[in-house]
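Data block below; observations after.
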Amino acid sequence: MAIVTGSGSDLSGKVALVTGASRGIGAHTARILGSRGARVVVNYRDKAKRADKVVDEITASGTEAIAVRADLTDPVAVQAMFSRVRHVFGRVDLLVLNASGGMERGVDPGYALRLNRDAQLQVLECARPLMPAESRVVFVTSHQAHFHGSKPGIDRYEPVAHSKRSGEDALRERIPELSGHGISLVVVSGDMIEGTITVTLLDRANPGTVEARRRQAGELPTIAEFATGIAVAATAWVDTGHTVYVGGTDYLTAGG
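Each residue of the sequence shown is one higher than the one before, starting from 1146 at the first, in our numbering.
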């Protein structure tokens, strides 16, 4: 396990696809990868204007970027997204599986698993033929999900934690297959991240949850700090299956 800092290495000539990249962690990650020279695919579900703004910010830095709409729980939309990526860039060197959910109002009980597990596998399945040797998959998760079942959780977050842990486990089961194609998998796990939609919804459902965690941890990572950790993990010299941790050092101790 490791906690990483820094800006990471040059990505000139590489193609990065970031899911859920119209705002928050995904948008920050896309911008950082673009600033490092990557050509970036900004995936979004329904925030077209925000996605276009991220694209404009990346292209203003001198590299290429496109926004591609796709609801990741819709297999047809996911296949169409990768058809466009193949046409425009022809490859994917870095796949950042950032999109997640399950706490939104009105979603059915099975939605969290469909998005956080099934859709992650579907995206990987479509991306893999475009990924050359030495490509990398980065799965973005939370400490609450990564340590699900071994550390105390939050009831309101339980469906998301369970589904994201299931998604991580399912991706890890693909490591032998991915390794056969020269593709590595790295997991990036973060503490509660200040300012994210999930944390806002969690605190709205259980007022005081975030402040209690802040007192326990001392401080919580910002969106920018977590996105930097994701970007560094994109090229870090670590073995496949490695987990990078951002914040929440108390989770990493035996008694934490």
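Every residue, glycine too, gets a C-beta built ideally from N, C-alpha and C.
Residue from the options whose Cα sits closest to the Cα of residue i
i	options	result
residue 1394	1259, 1240, 1299 and 1366	1366
residue 1164	1157, 1155 and 1175	1175
residue 1223	1312, 1266, 1201 and 1346	1266
residue 1368	1378, 1361, 1160 and 1391	1391
residue 1192	1168, 1316 and 1173	1168
residue 1370	1336, 1185 and 1201	1336
residue 1317	1225, 1387, 1272 and 1215	1387
residue 1157	1178, 1172 and 1294	1178
residue 1255	1305, 1397, 1233 and 1279	1305
Three-state class that DSSP yields for residue i in the structure shown
i	result
residue 1351	coil
residue 1295	coil
residue 1170	helix
residue 1146	Because the pLDDT at residue 1146 is just 36, under 50, the model does not fix this residue reliably, and the value given afterwards should be weighed accordingly. Coil, per DSSP.
residue 1161	strand
residue 1339	strand
residue 1204	helix
residue 1367	strand
residue 1394	helix
residue 1382	coil
residue 1346	helix
Nonlocal neighbours in the same chain, by C-beta distance under 6 Å from residue i, ignoring five residues either side
i	result
residue 1246	1260
residue 1204	1210
residue 1340	1368
residue 1351	1301
Chain-order list of residues whose beta-carbon lies under 7 Å from that of residue i (same chain, five-residue window excluded)
i	result
residue 1252	none
residue 1262	1308, 1311, 1312 and 1315
residue 1220	1267
residue 1206	1179 and 1180
Residues bridged to residue i [DSSP beta-bridge criterion]
i	result
residue 1286	1334
residue 1273	Beta-bridge pairing links residue 1273 to no other residue.
residue 1329	1281
residue 1213	1188
residue 1387	1331
residue 1242	1284
Own chain, CB closer than 8 Å to residue i, minus 5 neighbours either side, in chain order
i	result
residue 1264	1217, 1218, 1223 and 1244
residue 1229	1211 and 1213
residue 1346	1248 and 1249
residue 1231	1275
residue 1150	Low local confidence applies: a pLDDT of 40 at residue 1150 is under 50, so the model's placement there is unreliable, and no value is given.
residue 1268	1164, 1217, 1223, 1240 and 1242
Classification of residue i by the beta-carbon crowding that lies within 10 angstroms, buried from 16 upward
i	result
residue 1289	buried
residue 1309	buried
residue 1238	buried
residue 1326	exposed
residue 1286	buried
residue 1152	Note that residue 1152 scores 46 on pLDDT, short of 50, meaning its location in the model is unreliable; the coordinates nonetheless yield the value given after this. It counts as exposed.
residue 1295	exposed
residue 1357	exposed
Distance cut-off 7 Å: residue i Cβ against heavy atoms of the ligand SAH
i	result
residue 1248	No copy of the ligand SAH appears in this structure; indeed no ligand is present at all.
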